[in-house]
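Written below as structure tokens is the structure these notes are about.
Residue numbers (UniProt numbering): 1 to 134.
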């Protein structure tokens, strides 16, 4: 399955004085979505790093449609979009409890060797996962 959903409740510390989520706090929400997408596919991000592979963001585009607010339960939709050589791309959306679309994003990440800091091919077990998503 290319899609996965997870939920997070907005904490007070993530908001401004008006109870609105600060724009920079959406990036960690999307990270939660990507990490849980991998976990749902049987891949532990921590194990991947322990084996010497990192997956940093090299590009992100975020569009804010409507504000998230304190104590709302948000649903993060993460969808695998594509993979080519060392890159992986995700489309992401965040919805509030009423089902309203709050934010959309596109992320491109690159597999790197943590030893060298250079791009590297994804491990075989991840390449096998990609084959199941085609």
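Note that beta-carbon positions come from the ideal geometry of N, C-alpha and C, so glycine has one too.
As assigned by DSSP and simplified to three states, the class of residue i
i           : result
residue 28  : helix
residue 59  : strand
residue 9   : strand
residue 132 : helix
residue 118 : coil
residue 33  : helix
Beta-carbon gap between residue i and residue j smaller than 8 Å
i           : j           : result
residue 101 : residue 29  : no
residue 57  : residue 107 : yes
residue 33  : residue 69  : no
residue 25  : residue 36  : no
residue 122 : residue 51  : no
residue 120 : residue 86  : yes
residue 78  : residue 23  : no
residue 21  : residue 10  : yes
residue 43  : residue 126 : yes
residue 76  : residue 6   : yes
For residue i: DSSP bridge partner residues
i           : result
residue 123 : The partner list for residue 123 (beta bridge, DSSP) is empty, contrary to what the question assumes.
residue 91  : 79, 106
residue 21  : 15
residue 3   : 79
residue 101 : 95
residue 54  : 112
Enclosing alpha helix (DSSP H) for residue i [first to last residue]
i          : result
residue 50 : 45–50
Contact belief for residue i with residue j at Cβ below 8 Å, rounded distance in angstroms
i           : j           : result
residue 60  : residue 105 : 6 Å
residue 103 : residue 64  : 5 Å
Min CB distance residue i to chain C below 8 Å
i          : result
residue 81 : Absent from the structure: chain C. Only one protein chain is present.
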